[in-house]
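*Asks:* Numbering (the working numbering), first residue to last: 31 to 398.
Sharing a structure, written as structure tokens. Questions coming.
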């Protein structure tokens, strides 16, 4: 086996990664500076906590779509992900969650691992739908309990300014559900109150939330002033590079997501996003009125974009792997060290993906 510049939990090592039964056994080699050689990079596999679709398929289509989506994203280095739902009627969400609950119990060969569900809505502000269909409503604990019984819901996006939602944030965060502030018209004060109640992150920072103004800091101001974690879409379309830099300086564990749609990995054209039809063109995905509707971003491109705006490869990797794993409390993913899952990606010196491994399985992604 050839040598790599391996990004371990303790820095760069020039050497070889040894794995058995899906887990890293050892990393053999010596500390190095990749600038001193021309070997490939071996990084932890990417962890995407916001995935609506890919390969022409949408999560809301249910079970027939899931394997296409996970096989699509693994081709771009995503080794694990959260399947993300859209705002929809209760019966539709329940149907999809039931299918996801069953799918999460396995990992088909050649696929990324689905770690659970990100419930993005319906508990959002109808005045900040973004590209979400108009089925938003106030959260009821009885309904949430039904959803939790159907699938492993890891993350819920919620608008904290809606009456009763702060209490729900407090109750669900105490049970280990990550409550994210998003699709919100809330004030700075309401954002800070939600954080105090247990909210732990922000959904696609800057997008679909009240903006920062120096006399009305809004939800963006609450995030920049107080958050430890927040997700951000680094496609350089949703957020200007300058605003990304602001967030990087303000939020210690800012992590990156794709918010990818069925159009990811596909040519230009029309695709489904929940009950919407969206159009992929000019590198983005939009509703008929021009509103951005998720993205076509893949995680390997996210890495290249972060490096393009000035991040070292090690930090870019951290924000695509370790920080999302840490956010979910997963110590066996998002890092390369003995005992961790053998989830890794190899990239050449131009940061082009050349190999992917999921739980010790070499993915034949070029022929997928």
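Quick reminder that beta carbons are idealized off the backbone N, C-alpha and C, glycines included.
For residue 69, verify whether its CB is less than 6 Å away from any heavy atom of the ligand PLP.
*Replies:* Questions concerning the ligand PLP fall outside what the structure shown contains, since it holds no ligand whatsoever.
*Asks:* Hey, how far is the Cα of residue 61 from the Cα of residue 382?
*Replies:* As a working mapping, residue 61 is identified with position 31 in the chain shown. As a working mapping, residue 382 is identified with position 352 in the chain shown. Taking the straight line from one Cα to the other gives about 23 Å.
*Asks:* Could you tell me which residues DSSP puts in a beta bridge with residue 232?
*Replies:* The sequence position of residue 232 within the chain shown is 202, counting from 1. DSSP lists 211 as partners of residue 232.
*Asks:* For residue 109 versus residue 161, is the C-beta distance shorter than 7 Å?
*Replies:* The residue you call residue 109 lines up with position 79 of the chain shown. The residue you call residue 161 lines up with position 131 of the chain shown. No, the pair does not count as a contact, with Cβ atoms beyond the cut-off.
*Asks:* Helix, strand or coil, according to DSSP, for residue 246 in the structure here?
*Replies:* Here residue 246 corresponds to residue number 216 of the chain shown, with the count starting at 1. Reduced to three states, the DSSP call for residue 246 is coil.
*Asks:* Could you check where the beta strand (DSSP E) with residue 76 kicks off and where it finishes?
*Replies:* On the chain shown, position 46 is the one that residue 76 refers to. First-last of the beta strand (DSSP E) with residue 76: 76-81.
*Asks:* Is the Cβ-Cβ distance between residue 100 and residue 87 less than 7 Å?
*Replies:* Within the chain shown, the letter at position 70 stands for residue 100. Within the chain shown, the letter at position 57 stands for residue 87. In this structure, residue 87 does not lie closer than 7 Å to residue 100 by Cβ.
*Asks:* Evaluate contact between the segment 212-227 and the segment 180-190, counting only Cβ atoms and requiring at least three cross-stretch pairs below 8 Å.
*Replies:* In the pairwise beta carbon analysis, the segment 212-227 is classified as touching the segment 180-190: at least three pairs are separated by under 8 Å.
*Asks:* Do you know whose CA, among 317, 351 and 241, lies nearest residue 39's CA?
*Replies:* Translated into positions along the chain shown, residue 39 becomes position 9. Residue 39 has its Cα closest to that of 351, out of 317, 351 and 241.
*Asks:* Any idea which residues DSSP pairs residue 387 with across the strands?
*Replies:* Mapped onto the chain shown, residue 387 falls at position 357. Paired residues: 374 and 392.
*Asks:* CA-CA distance, residue 221 and residue 45?
*Replies:* As a working note, residue 221 is residue 191 in the chain shown. As a working note, residue 45 is residue 15 in the chain shown. If you draw a straight line from the Cα of residue 221 to the Cα of residue 45, it comes to about 46 Å.
*Asks:* Count the other CB atoms within 10 Å of the CB of residue 150; is the residue buried (16 or more) or exposed (fewer)?
*Replies:* For this step, residue 150 is matched to residue 120 along the chain shown. Buried, because 16 or more other Cβ atoms sit within 10 Å of the Cβ of residue 150.
*Asks:* Around the Cβ of residue 2, are there at least 16 other Cβ atoms within 10 angstroms (buried) or fewer (exposed)?
*Replies:* The displayed coordinates of the chain run from 31 to 398. Any statement about residue 2 would go beyond what the structure contains.
*Asks:* Could you check what DSSP says for residue 191 in three-state terms: helix, strand or coil?
*Replies:* As a position in the chain shown, residue 191 is number 161, starting the count at 1. DSSP places residue 191 in coil when its eight states are reduced to three.
*Asks:* Which residue or residues does DSSP assign as beta-bridge partners of residue 62?
*Replies:* Locating residue 62 in the chain shown gives position 32, where the first residue counts as 1. Residue 62 pairs with nothing; no bridge assigned.
*Asks:* My understanding is that residue 184 touches residue 112, with C-beta atoms under 8 Å, so please give their C-beta distance in whole angstroms.
*Replies:* Walking along the chain shown from the start, residue 184 turns up at place 154. Walking along the chain shown from the start, residue 112 turns up at place 82. About 6 Å separates the two Cβ atoms, so the contact holds.
*Asks:* Once you ignore the five residues that flank residue 274 on each side, which residues in its own chain have a CB closer than 7 Å to its CB?
*Replies:* Numbered from 1 along the chain shown, position 244 holds the residue referred to as residue 274. Excluding positions up to five away in sequence, the list reads 262, 264 and 339.
*Asks:* Kindly indicate which residue of 164, 134, 124 and 158 has the alpha-carbon position closest to the one of residue 175.
*Replies:* As a position in the chain shown, residue 175 is number 145, starting the count at 1. The residue with the shortest Cα to Cα distance from residue 175 is 124.
*Asks:* Less than 7 Å between the beta carbons of residue 181 and residue 147, yes or no?
*Replies:* Start at 1 with the first residue of the chain shown, and residue 181 comes out as number 151. Start at 1 with the first residue of the chain shown, and residue 147 comes out as number 117. Taking 7 Å as the Cβ cut-off, residue 181 and residue 147 qualify as a contacting pair.
*Asks:* Note down, one range per segment and in chain order, each alpha helix (DSSP H) of at least 4 residues found wholly within the segment 320-373.
*Replies:* 329-338, 343-350 and 352-358
*Asks:* Note down the Cα distance separating residue 329 from residue 299, rounded to an integer number of angstroms.
*Replies:* The sequence position of residue 329 within the chain shown is 299, counting from 1. The sequence position of residue 299 within the chain shown is 269, counting from 1. Cα-Cα distance, rounded: 21 Å.
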